[in-house]
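Chains as they are written, first to last, in numbering that gives the first Met the number 0: chain A, 0 to 149; chain B, 0 to 149.
Glycine included, C-beta positions come from ideal geometry on N, C-alpha and C.
Remember, predicted model here, so these are calculated numbers, not experimental data.
Following: one structure in structure tokens, then a few remarks.
Protein chains: 2
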Amino acid sequence: MTASPTPRQIAWARFVTAQAMLLDRIEATLARSELPPLAWYDVLWILENAHGGCLRMSDLARKGVISRSNVTRLTDRMEKAGLVVRADCPEDGRGTTCSLTDSGRRMRARMWLVYRGQIDELFGSQISAAEAASLAQMLERIIENLRELP
Amino acid sequence: MTASPTPRQIAWARFVTAQAMLLDRIEATLARSELPPLAWYDVLWILENAHGGCLRMSDLARKGVISRSNVTRLTDRMEKAGLVVRADCPEDGRGTTCSLTDSGRRMRARMWLVYRGQIDELFGSQISAAEAASLAQMLERIIENLRELP
DNA sequence: CTCCTATAGTTGCAAATGCAACCATAAACC
DNA sequence: GGTTTATGGTTGCATTTGCAACTATAGGAG
């Protein structure tokens with residue numbers, strides 16, 4: 000930085016570093032438990048929260064903040080593993096739906112056990128409830144703002 | 000989640016989503032400006048803050064929160080682009096040092112112009128100075144805690 | 001109805017990443 | 001000194017990701 004960094008810029012830098020460190024740890028812990036990577040968890044979780052455990056590929060991409068081609072490949076692998084099923088969309092001839100299987104639900108639950116442990120231990124333990132609430136609110140604003148932009 | 004998510008878990012979820020969205024945007028903006036990816040910026044920034052603009056490969060890995068093999072490849076490309084130079088470490092026959100070139104310094108400055116604009120616009124604009132300070136402190140605790148763990 | 005454009009999803013190919021195996025040197029041990 | 005163990009860095013290989021091109025269907029304009 001040419002001028003010395005502003006408080007917001009410092010916060011940004013830590014934001015990136017902390018997340019990188021946390022994700023590294025969590026991925027390693029999942030791998031050690033012989034569970035799939037976080038990317039799979041995200042898909043499973045998004046589907047589980049969708050009506051009927053079923054979503055269009057593009058919705059999956061938007062909610063998961065990943066590219067459409069990435070969703071195709073991700074669900075390819077997950078379908079091979081029996082966690083989701085894809086089918087032609089009845090309402091739109093171009094579309095494909097992706098839905099959670101029972102095995103997918105069970106896998107999400109198993110992963111959550113480990114994932115939750117890590118979140119609580121590495122992240123939650125370092126912030127107060129009030130801080131968590133304020134942080135969530137802050138981030139929500141940022142997310143909302145991004146969704147409104149072109 | 001089987002039980003409904005705690006405030007800390009909600010904060011975590013937004014933490015991940017917000018960062019993914021922000022990084023997507025920033026990478027896209029850098030690419031549109033025909034600048035290298037963020038990963039290069041991080042290396043340049045870390046080197047610029049090091050004494051003499053020079054660090055050992057493993058220090059680079061630790062500070063940048065990336066794997067050592069990744070550092071090797073990253074600096075391979077950056078060296079080809081003339082932004083850094085590697086040399087055998089004088090004090091340790093096994094070691095390699097990586098140092099910033101003038102061109103590397105200039106590139107970091109050019110990237111920072113764009114990067115800073117994005118941070119301020121997408122992140123800084125949504126949080127108050129007090130929130131930024133509290134956030135930075137919170138994240139610092141998390142980072143410190145992670146560094147102390149095995 | 002036909003043409004034109006936009007959207008949904010997949011795929012080929014290139015670039016990036018992680019992991020494990022590897023070579024070289026350093027440090028510890030006897 | 002000679003052997004063993006740990007550390008620093010790179011490389012091969014498999015996996016993952018992104019981008020651009022492509023196919024197919026939908027929706028709108030004339």
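Contact with chain B by residue i, beta-carbon distance below 8 Å
{"i": "residue 158 of chain A", "result": "A query on residue 158 of chain A cannot be resolved here, the shown segment of chain A reaching from 0 to 149 and no further."}
{"i": "residue 139 of chain A", "result": "yes"}
Simplified DSSP state of residue i, which is helix, strand or coil
{"i": "residue 70 of chain A", "result": "helix"}
{"i": "residue 87 of chain B", "result": "strand"}
{"i": "residue 16 of chain A", "result": "helix"}
{"i": "residue 112 of chain B", "result": "helix"}
{"i": "residue 3 of chain B", "result": "coil"}
{"i": "residue 100 of chain B", "result": "coil"}
{"i": "residue 55 of chain A", "result": "strand"}
Test: residue i CB closer than 8 Å to a CB of chain A
{"i": "residue 17 of chain B", "result": "yes"}
8 Å Cβ cut-off: residues of chain A touching residue i
{"i": "residue 9 of chain B", "result": "131, 135"}
{"i": "residue 6 of chain B", "result": "128, 131, 132, 135"}
Amino acids of chain B, ordered along the chain, whose beta-carbon sits closer than 9 Å to that of residue i
{"i": "residue 20 of chain A", "result": "64, 141, 142, 145, 146"}
Chain A contact residues for residue i, given Cβ-Cβ distances below 7 Å
{"i": "residue 23 of chain B", "result": "64"}
Closer than 7 Å at the beta carbon, the chain B residues around residue i
{"i": "residue 13 of chain A", "result": "135, 138, 139, 142"}
Chain-ordered residues of the region 112–137 of chain A with a beta carbon less than 8 Å from chain B: 115, 118, 119, 121, 122, 123, 124, 125, 126, 128, 130, 131, 132, 133, 134, 135, 137
Inter-stretch contact (C-beta, 8 Å, three-pair minimum) for the region 104–122 of chain A and the region 36–51 of chain A: yes
With three or more beta-carbon pairs closer than 8 Å as the criterion, would you say the region 119–131 of chain A touches the region 81–98 of chain A? no
Are at least three pairs of beta-carbons, each pair with one atom in the region 13–31 of chain B and one in the region 136–143 of chain A, less than 8 Å apart? yes
Does the region 62–81 of chain A touch the region 31–40 of chain A, meaning 3 or more C-beta pairs lie closer than 8 Å? yes
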